[in-house]
Amino acid sequence: MDANRRHVLAAAGLSLAGAALAGCAVAETTALAPDDRAAPPDALRRTSVYVPGYDPNAAAANGVPVSRHPRLARGLTDRSKPHRMLTRIGMDGDIVQAVLPAFAHDVEISPDRSVGILCGFEERDQVAFDPKTLDVVATAPAFAEGWRGGGHAVFLDGGRFVALSERAPRKALGGEGIEAHHGRVTLRDPHTLKVRESYSTHGIDPHDIRLIEGGKYLVAANYGSLPRQGEKDLSVPRAVTEACVTIVDMASGKLVDKRVTNRDRTELRHLAAGSLDRIFAIQALLGDVPSGAQSMAGESVAYGLDITGEKGLAYLAAPVLKIGRGGEPRALGDRRTAERMRHGLSIVYDAAHDQAIATFPTAHRVMVFDGETGRVLRDVDTTKTGLRHPCGVTLLPDGKHYAVTGYWENLFVFERGTHRLMRDLCLYPVFFGHSHITAA
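The sequence shown: position 91 = 91 (my numbering), numbered continuously.
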């Protein structure tokens, strides 16, 4: 090849490379430009999604840790007490954050959007806040000395009261009877958090709660675990005394129904409910690290650590249950899908399509269940869309979409019924770990 030909080819190559690099630069600029994101539909423009962040120590703003930031931590009066960071994500892309004095797990917003509840979990304090500014409105301790927050709440009577799940002091089962370990649902004034009334949940360590039949009944998921004799805290595997779903009449506080789901090692944690015939309950089975490694023996592609778990334990497969009138709790899924139900976390019921939608962050799955039969309609590997460790799920108030969030970051939007990913509506904030989300 002569010199002139080499020079021509080299020049052509540089021109092509320059064009390719220019194309990449344009594509990158386009992807990052906030003004180029399609505006959300009018029905979503005023919608916000609330995320309680678990690890504020990993976050900083203006070069200062958020727990010491004069604006973000303005609601803290004692930094030595448990606190979490709350993020409000506007579907228009607006982000508001604040550090609040609660060991937060979930959020509920009143129907008129005048107040929000940051639900404390396994610690004393609950927090009421302004849903727009995230300023603290009120704080209050758990039901009684030694009691702990149950992590979830629900508004009733049009927002006049908020019901919170609360847990009795933890100790091993003795001769006092199991009733002494039952938790309660407290009915509180949402703006002051003063307790107005309380009912037993008729189960140990209540967690998730739902209202059904127009608020006539409250459905509670009760973990059911107690420490073993001689121990002060829960062990792995769990010693499950009585995991159960209970249904309480809200007018009288009386137990309407109780479905025991396990008396061995499998806890009952979260649920979705549309009626007495549409109760979907998520179980949790904890094992040690070797048993967790064994459960992944079939995964030949390299994978990372489960960032949603805790040190020294692993989430093993535990099927979602469907509970209806008069029948025993029924495990859902076939062998293949049941093996993927590891660390079931958030679940919602979509009444318009008679479907339940659940997240499984350890397995990177979102599953959709038929409301009538319980059949698994969709089993989605979210890593294929870029969503890892899906945790929170919430129905958006436009009636057309729902949102799913990754454990540490990213909010993906899907169309109800079809479950198509709506990429133009997705947002990519960081909220530093979480379990649940709430839209309002």
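Note that the Cβ used here is the ideal one computed from N, Cα and C, for glycine as well. Computed from a predicted model, the values in this text were never measured in an experiment.
Cβ-Cβ distance between residue i and residue j below 8 Å
i      : j      : result
Arg184 : Thr201 : yes
Arg238 : Ser225 : yes
Cys442 : Leu411 : Missing from the structure shown is residue 442; the chain here goes from 1 to 440 and no further.
Val430 : Phe414 : no
Arg124 : Pro101 : no
Asp135 : Gly75  : yes
Val96  : Arg84  : no
Leu316 : Gly287 : yes
Phe360 : Arg378 : no
Lys400 : Arg420 : no
Leu118 : Pro52  : yes
Glu372 : Leu276 : no
Ala272 : Ile323 : no
Val380 : Val366 : yes
Val115 : Val137 : yes
Glu108 : Val66  : no
Ser346 : Ala358 : yes
Ile279 : Val219 : yes
Cys244 : Lys254 : no
Leu396 : Val348 : no
Asp398 : Pro41  : yes
Gly158 : Phe121 : no
His523 : Gly215 : Nothing about residue 523 can be read from this structure; the chain reaches only from 1 to 440.
Cα-Cα separation between residue i and residue j, rounded to whole angstroms
i      : j      : result
Ala363 : His389 : 7 Å
Gly350 : Ala356 : Strictly speaking, residue 350 in this sequence is Asp, with Gly absent from that position. Spanning the two alpha carbons is a distance of roughly 6 Å.
Thr266 : Ala439 : 30 Å
Gly146 : Ser235 : 20 Å
Pro34  : Asp424 : Unreliable positioning characterises Pro34 in this predicted model, as indicated by a pLDDT of 49, which lies under 50. The coordinate reading is nonetheless provided below. In a straight line, the C-alpha of Pro34 is about 12 Å away from that of Asp424.
Tyr54  : Gly344 : 18 Å
Val195 : Arg160 : 13 Å
Gly309 : Tyr407 : 11 Å
Gly374 : Asp249 : 25 Å
Lys232 : Asn62  : 42 Å
Thr246 : Gly433 : 30 Å
Arg170 : Arg335 : 36 Å
Ala59  : Tyr428 : 16 Å
Gly177 : Gly93  : 52 Å
Ser435 : Leu387 : 15 Å
Gly90  : Pro56  : 20 Å
Gly274 : Arg68  : 42 Å
Thr385 : Arg228 : 43 Å
Leu72  : Ala144 : 30 Å
Residue i, buried or exposed, once every other Cβ within 10 Å from all chains shown has been counted against 16
i      : result
Ala25  : The predicted model places Ala25 with a pLDDT of 35, which falls under 50 and marks its position as unreliable, so this point remains unresolved.
Leu305 : exposed
Gly230 : exposed
Lys311 : exposed
Met296 : exposed
Pro131 : buried
Arg269 : buried
Gln283 : buried
Thr337 : buried
Ser252 : exposed
Arg167 : buried
Asp106 : buried
Ser300 : exposed
Glu242 : buried
Ala22  : Because Ala22 carries a pLDDT of 37, less than 50, the predicted location of this residue cannot be relied on, and no value is offered for it.
Ser80  : exposed
Tyr303 : exposed
Val64  : exposed
Gly327 : exposed
Glu179 : exposed
Arg325 : exposed
Arg45  : exposed
Thr47  : buried
Gln126 : buried
Ile437 : buried
Asp298 : The residue you asked about is not Asp; residue 298 is Gly in the sequence shown. Label assigned to Gly298: exposed.
Ala221 : buried
Minimum C-alpha distance to residue i - residue among the options
i      : options                        : result
Tyr223 : Val236, His207, Val430, Leu421 : His207
Asp205 : Gly149, Leu118, Val376         : Gly149
His191 : Ile282, Ala358, Phe155         : Phe155
Arg113 : Val49, Gly93, Ala61, Ala60     : Val49
Thr77  : Gly90, Thr139, Thr47, Pro65    : Thr139
Ser165 : Gly214, Ile347, Ser198         : Ser198
Ala128 : Thr394, Ala104, Glu122         : Ala104
Pro290 : Phe369, Arg46, Ala314, Ile307  : Ala314
Pro319 : Gly274, Ala220, Thr418, Thr261 : Thr261
Ala172 : Leu395, Val240, Pro397         : Val240
Thr382 : Ala352, Arg340, His353, Asp370 : Arg340
Ala153 : Phe143, Thr186, Thr133         : Thr186
Neighbour flag for residue i against chain B, beta carbons, 8 Å
i     : result
Ser48 : The structure shown has no chain B; it contains just one protein chain.
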